[in-house]
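When you line the sequence shown up against the numbering used here, it's residues 93 to 495, in that order.
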Amino acid sequence: MYKLTNNAQTTTHIISWNMDTADIVVIGAGVVGLAVAAELAGRFPTRSIVVLERNAKFGQETSSRNSEVIHAGIYYPPKSLKARLCVEGKRLLYEFCSKWQVPCKRFGKLIVANTRTEVATLESLLIRGKENGVDDLQLFSRTQVACREPDIQAEAAIYSPSTGIVDTHRLMARLEWLAQEKKVLCAYLHEATGIEHQGNSSIVQYLGPGKEHNSLKTTWLINSAGLASDHVASLMDIDIDQAGYRLHPCKGEYFNLSSAKSKRISHLIYPPPYKDLRGLGIHVTKMLDGRVKLGPNAFYIDELDYTVDVLHAEEFYANIKEYLPFVEPHDLQPDTAGIRPKLQAPGAPIHDFIVRHESERGLHGVINLIGIESPGLTACLSLAKMVGDIIEQGKQEKVVRYL
Ligand SMILES: Cc1cc2nc3c(=O)[nH]c(=O)nc-3n(C[C@H](O)[C@H](O)[C@H](O)COP(=O)(O)OP(=O)(O)OC[C@H]3O[C@@H](n4cnc5c(N)ncnc54)[C@H](O)[C@@H]3O)c2cc1C
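And the structure:
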């Protein structure tokens, strides 16, 4: 028997737990892994749950490098997991924030159009949104837009009142707290390095904080490793190319708007989405602290790095000047960057989330969550619920939808 130690400096719980088995192991303490841990701890109070996280704290990767938008669910192909889990996740997330005092605000969003083609795009988006169950959308005329945002330029817009912003850090802190309250062990500085499957169990090898190698036997293994979820799947001996699990990291940079100009904006403002849907177009996000962030842009990368290229300010300015005519190039300052774990290869059509119980591969009890890009933050609670349903229904295969 060895010692699995949670010794992250930042958590108030210093737990020492001698164990070599757990009922459930979750890999990754991003917003999705934490939501899964909190959900499973609530549903299965007698089962032992361990979260393995390679970083010293939760949410050090994509979950703290995003726009923090609670999306309405307008864009995604009807019946896709993205559409369904976004619409359900938005409702669950607002309820959660209100119950657990997580700061959030329904700023409302305007998707603006300035050309005939863009107006036509709005009309089809409106239909798609309604098909997805987003029933509060309104088509605004130029005058209606001007009443809400006098300084922006738009001939028409879709108004989405339920789009908002959540404080992602506070959300993750609350999810971690809820999980730990129910005796989930959040093992920071523990990296899953190997996975073997034996009968109906998985043996997860991991590297602990002192660089010691150990292993943990589990009945259920949830892979919510974000940008490394394809690598973690490969540790299970899944051929990720054959399975369609290979991720294509796609970077998104942000620029800040000066505080004087930020005051002139009170909604989230989006252009009509890019045709290839790599992202939602460089948009304007009003943050909870009053700041306005522009971005993210979208470009594929070979190596993960979070620097922001100041030269991209030009591209940002070119993209927003039409609908934000009061912004000058010098108002833009480089901010942060995030990386999308995309299943969609460059030039390929958009791809749905993968949430899959791998029983048909003989990996009973293994659930892979892969390609959890946007709207993964919005959908964290509905994704967690889906994982809980799979476990509750035993080890039956679940339907996976691909686009
Ligand atoms: C630029 C950008 C903007 C976005 N904007 C929005 C938005 O406005 N609204 C929205 O709904 N969504 C948005 N998203 C998507 C959202 O951020 C993600 O869907 C969500 O954060 C994914 O959470 P996660 O827990 O799956 O992944 P992550 O946050 O990446 O967490 C995965 C964790 O797994 C850990 N890990 C990996 N490998 C191992 C291992 N071997 N052992 C142990 N731990 C491991 C990592 O350290 C990491 O902490 C955006 C994403 C990007 C990139």
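For each residue, glycine too, the CB sits at the ideal point set by N, CA and C.
Run the CB neighbour count on residue 402, radius 10 Å, all protein chains shown included, and call it buried at 16 or more, exposed below. exposed
Do residue 479 and residue 263 have their C-beta atoms closer together than 8 Å? no
Inside the segment 250-328 only - beta strand (DSSP E) runs reaching at least 3 residues: 256-258, 277-280, 283-290, 293-299, 305-315
Which whole-angstrom value describes the C-beta separation of residue 247 and residue 234, a residue pair presumed to lie in contact below a C-beta threshold of 8 Å? 5 Å
Quick check on the DSSP output: what are the complete alpha helix (DSSP H) runs of length 4 or more inside the segment 195-246, in order along the chain? 208-223, 234-240
Which word fits residue 339, buried or exposed, when buried means at least 16 other C-beta atoms lie within 10 angstroms of its C-beta? buried
Residue 368 versus residue 205 - alpha carbon distance: Low confidence applies here, because residue 368 scores a pLDDT of 49, under 50, leaving its location unreliable and the question unanswered by this model.
Cβ pair count under 8 Å reaching 3, the segment 220-232 against the segment 278-293: no
Can you give me the C-alpha to C-alpha distance between residue 311 and residue 320, rounded to a whole angstrom? 22 Å
Tell me the start and end of each unbroken beta strand (DSSP E) in the segment 434-492 that is at least 3 residues and wholly inside, in chain order. 446-449, 458-462
What do you reckon, is the C-beta of residue 195 under 7 Å from a heavy atom of ligand 1? no
Simplified DSSP assignment, three categories, for residue 429: strand
Let's see if you can read the secondary structure: which residues bound the beta strand (DSSP E) around residue 115? 113-119
Run through DSSP, which three-state label would residue 340 get? strand
Exposure of residue 268, with buried meaning 16 or more beta-carbon neighbours within 10 Å: buried
What's the gap between the Cα of residue 134 and the Cα of residue 483? 13 Å
Considering only the beta carbon of each residue, do residue 141 and residue 118 sit closer than 8 Å? yes
How many angstroms separate the CA atom of residue 239 from the CA atom of residue 459? 48 Å
Would you list the one or two residues that DSSP bridges to residue 385? 348, 377
For the 8 Å Cβ check, are there 3 or more pairs between the segment 156-174 and the segment 451-468? yes
Look up residue 406 in the DSSP assignment and say whether it is helix, strand or coil. helix
Exposed or buried, residue 322, counting other C-beta atoms within 10 Å across all chains shown (16 or more means buried)? buried
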